[in-house]
Amino acid sequence: MAECSSHPHFLTLPLELREQVYRDVILTSDSNVQILRGCRQIHAEAQQFVFKRPLAFDSQTELCQWLNRVDKRYLRHIDTLRFSVVEIDLSPLLETSYYSPSTRLHWWDLYEMEAKELSAALQSLSNVRDLTISLPGSVDSRLVRDFYHALLDNLAHIFPKLEHLTLPGGQRSLEFVEPMRCLHSLRFNGYTDSRPIEPANVLSRMPHLTELQLFGPPYDMVDERFRGDKRPQGAQPLSPEVLHHIRPLTSFAIFEEDRPWLEKPVYFNPPFLQALRSAHITSLKKLCISLDWTPDQDAQDLLFALLSDSVVRDLTICWPGLDPSFLLCLPASLETLRTSVSGALDAYSLVCWVSHRKTDLAVLEEIELMADRTQPETDRDPSEVVPSTLRPFGRISADELQDAYLGRRMSHELEPAIDFLRGMGYRARQGSCTPGLFDEGKKPMSR
Numbered sequence: 001m002a003e004c005s006s007h008p009h010f011l012t013l014p015l016e017l018r019e020q021v022y023r024d025v026i027l028t029s030d031s032n033v034q035i036l037r038g039c040r041q042i043h044a045e046a047q048q049f050v051f052k053r054p055l056a057f058d059s060q061t062e063l064c065q066w067l068n069r070v071d072k073r074y075l076r077h078i079d080t081l082r083f084s085v086v087e088i089d090l091s092p093l094l095e096t097s098y099y100s101p102s103t104r105l106h107w108w109d110l111y112e113m114e115a116k117e118l119s120a121a122l123q124s125l126s127n128v129r130d131l132t133i134s135l136p137g138s139v140d141s142r143l144v145r146d147f148y149h150a151l152l153d154n155l156a157h158i159f160p161k162l163e164h165l166t167l168p169g170g171q172r173s174l175e176f177v178e179p180m181r182c183l184h185s186l187r188f189n190g191y192t193d194s195r196p197i198e199p200a201n202v203l204s205r206m207p208h209l210t211e212l213q214l215f216g217p218p219y220d221m222v223d224e225r226f227r228g229d230k231r232p233q234g235a236q237p238l239s240p241e242v243l244h245h246i247r248p249l250t251s252f253a254i255f256e257e258d259r260p261w262l263e264k265p266v267y268f269n270p271p272f273l274q275a276l277r278s279a280h281i282t283s284l285k286k287l288c289i290s291l292d293w294t295p296d297q298d299a300q301d302l303l304f305a306l307l308s309d310s311v312v313r314d315l316t317i318c319w320p321g322l323d324p325s326f327l328l329c330l331p332a333s334l335e336t337l338r339t340s341v342s343g344a345l346d347a348y349s350l351v352c353w354v355s356h357r358k359t360d361l362a363v364l365e366e367i368e369l370m371a372d373r374t375q376p377e378t379d380r381d382p383s384e385v386v387p388s389t390l391r392p393f394g395r396i397s398a399d400e401l402q403d404a405y406l407g408r409r410m411s412h413e414l415e416p417a418i419d420f421l422r423g424m425g426y427r428a429r430q431g432s433c434t435p436g437l438f439d440e441g442k443k444p445m446s447r
């Protein structure tokens, strides 16, 4: 390592400022950990911030192995963790059966040993505040599911400071979250095997719960519970009545994908939207609706009416064929907007609507356009998607927009819209429209 004397200016800063630099540098990119090679003092001071990055593991076994190797001094700095519960290695059954029949292991012995090892390993991560535990849909072993639910029952004891909990897999009950007195954000598919009143009772007793995200319905229910009558058996989704029982929400999200065996949407439907409006219209600051299907007009009208009367500051709205004219319904409180567009012409239309409402949306600062790849570009003329009353619109030439988009409409490129929005003073960028939170292969920053 280089000597510290080669960095006199940085190391003369107060430690608080140096730590802020370490945090900003290390948490933004994997490659930035090279700062640790600067000198011994920098390595000693900055090492803790490597462990503050989100950690992700493909299995509970991989997590335990990593915890056994890492320096225990740094584990207290880990606050974000994600791992999957998967089938365990059963090969020891074959080994003991062949070499020592009298001490033969049983499969339940292996799961019990795995449970004890995982519980002991997780005890060293008591400062975790953001936790995601996945149960892959391909796992259909009852043993694995029992293992998973036993782990959920111990979460409050293992992670006493937990604030954010994400559970892509199903759960038999929500009783395990009630002892989590610090929890204020819950993300799950909403399905439990309990009576509908039980989730309402549990969530209503959570003193700090202000953020709720629902996604699903779960894929695994198709294989495990589908019996040919177009609906899953046993487990029931969260009911709209729950929204009337819980404390006022500041953040609410629905990530819902179409399922052929369901006759109607589970969460994005009139009863849920009416309950959300009735109970949380004055408290809601952040709203996210992400669907992989186009909702019916009644549901759209209810959502847009809710938006127009709300005080939402941060909005994400994404579904195939979303009409950009929904901007007419946005509240004056809006600061951040993320929305899907199916191509160049829709982006052209959205820019026009944004310009039309620029005065009304005075605090809007950030816009993200998410490319919806499910909707093919068409041969529509721009005049068909943008009302003539919106053209011309101030600083931006409609002819200039039209020329730019006619040359790009088959390529789905949104750069012209981004450029025009930036020219209007917005922080604009392009993203991708994904209806789900937990697409395969998407993980937090790797360890």
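Just so it is clear: in the sequence shown, position 152 is 152 by this note's numbering, and no numbers are missing.
Using N, Cα and C, we set each Cβ at its ideal position, and we do this for glycine too.
Environment of residue i [buried if 16+ CB atoms lie within 10 Å]
i      : result
ILE246 : buried
GLY321 : exposed
SER185 : buried
GLN171 : buried
PRO324 : buried
THR12  : exposed
GLY216 : buried
LEU306 : buried
THR339 : buried
GLY423 : exposed
Reference residue i, options the options, closest by Cα
i      : options                           : result
PRO54  : GLN60, THR80 and CYS64            : THR80
TYR111 : THR210, GLU87 and ALA120          : GLU87
PHE57  : GLN47, LEU135 and LEU186          : LEU135
GLU114 : PHE10, TYR148, TYR74 and LEU328   : TYR148
ALA200 : LEU15, SER141 and HIS244          : HIS244
ALA428 : LEU337, THR359, LYS358 and SER355 : LEU337
SER119 : THR61, ARG129 and ARG145          : THR61
SER124 : GLU163, ARG142, ARG76 and THR359  : ARG76
VAL50  : ARG23, GLN65 and TRP66            : ARG23
PHE194 : PHE176, GLU211 and ARG205         : The question names Phe, but residue 194 is Ser in the sequence shown. Looking at the Cα atoms, PHE176 is the closest of the given residues.
GLU178 : ASP130, LYS116, VAL202 and VAL242 : VAL202
LEU151 : PRO265, VAL25, GLU117 and SER290  : GLU117
LEU262 : LYS285, GLN236 and LYS286         : GLN236
HIS280 : GLN300, LYS264, SER310 and ILE35  : SER310
ALA347 : ALA371, HIS356 and GLY38          : ALA371
Alpha carbon of residue i to alpha carbon of residue j, nearest angstrom
i      : j      : result
VAL363 : ASP314 : 11 Å
ARG40  : GLY425 : 44 Å
LEU273 : PRO196 : 18 Å
VAL85  : ASP146 : 11 Å
LEU369 : CYS352 : 14 Å
VAL144 : PRO240 : 31 Å
ASP292 : GLU257 : 5 Å
ARG181 : LEU155 : 12 Å
LEU67  : ILE42  : 24 Å
GLU415 : ALA46  : 38 Å
GLY431 : ASP109 : 47 Å
ILE158 : LEU122 : 7 Å
SER283 : PHE10  : 44 Å
LEU131 : CYS329 : 35 Å
GLY190 : ILE133 : 15 Å
CYS288 : SER59  : 29 Å
LEU361 : THR294 : 26 Å
ALA332 : PRO168 : 34 Å
LYS358 : TYR74  : 49 Å
THR166 : ARG187 : 5 Å
Beta-carbon spacing of residue i, residue j below 8 Å
i      : j      : result
TYR267 : LEU302 : no
LYS161 : ASN127 : yes
PRO270 : ASP298 : yes
LEU334 : VAL354 : no
SER349 : THR316 : no
LEU276 : PHE255 : no
HIS208 : LEU183 : yes
Closer than 8 Å to chain C by CB, residue i
i      : result
ASP360 : The structure shown has no chain C; it contains just one protein chain.
Integer Cβ distance of residue i from residue j, believed to fall under 8 Å
i      : j      : result
GLU211 : LEU249 : 7 Å
SER173 : THR192 : 6 Å
ILE367 : LEU421 : 5 Å
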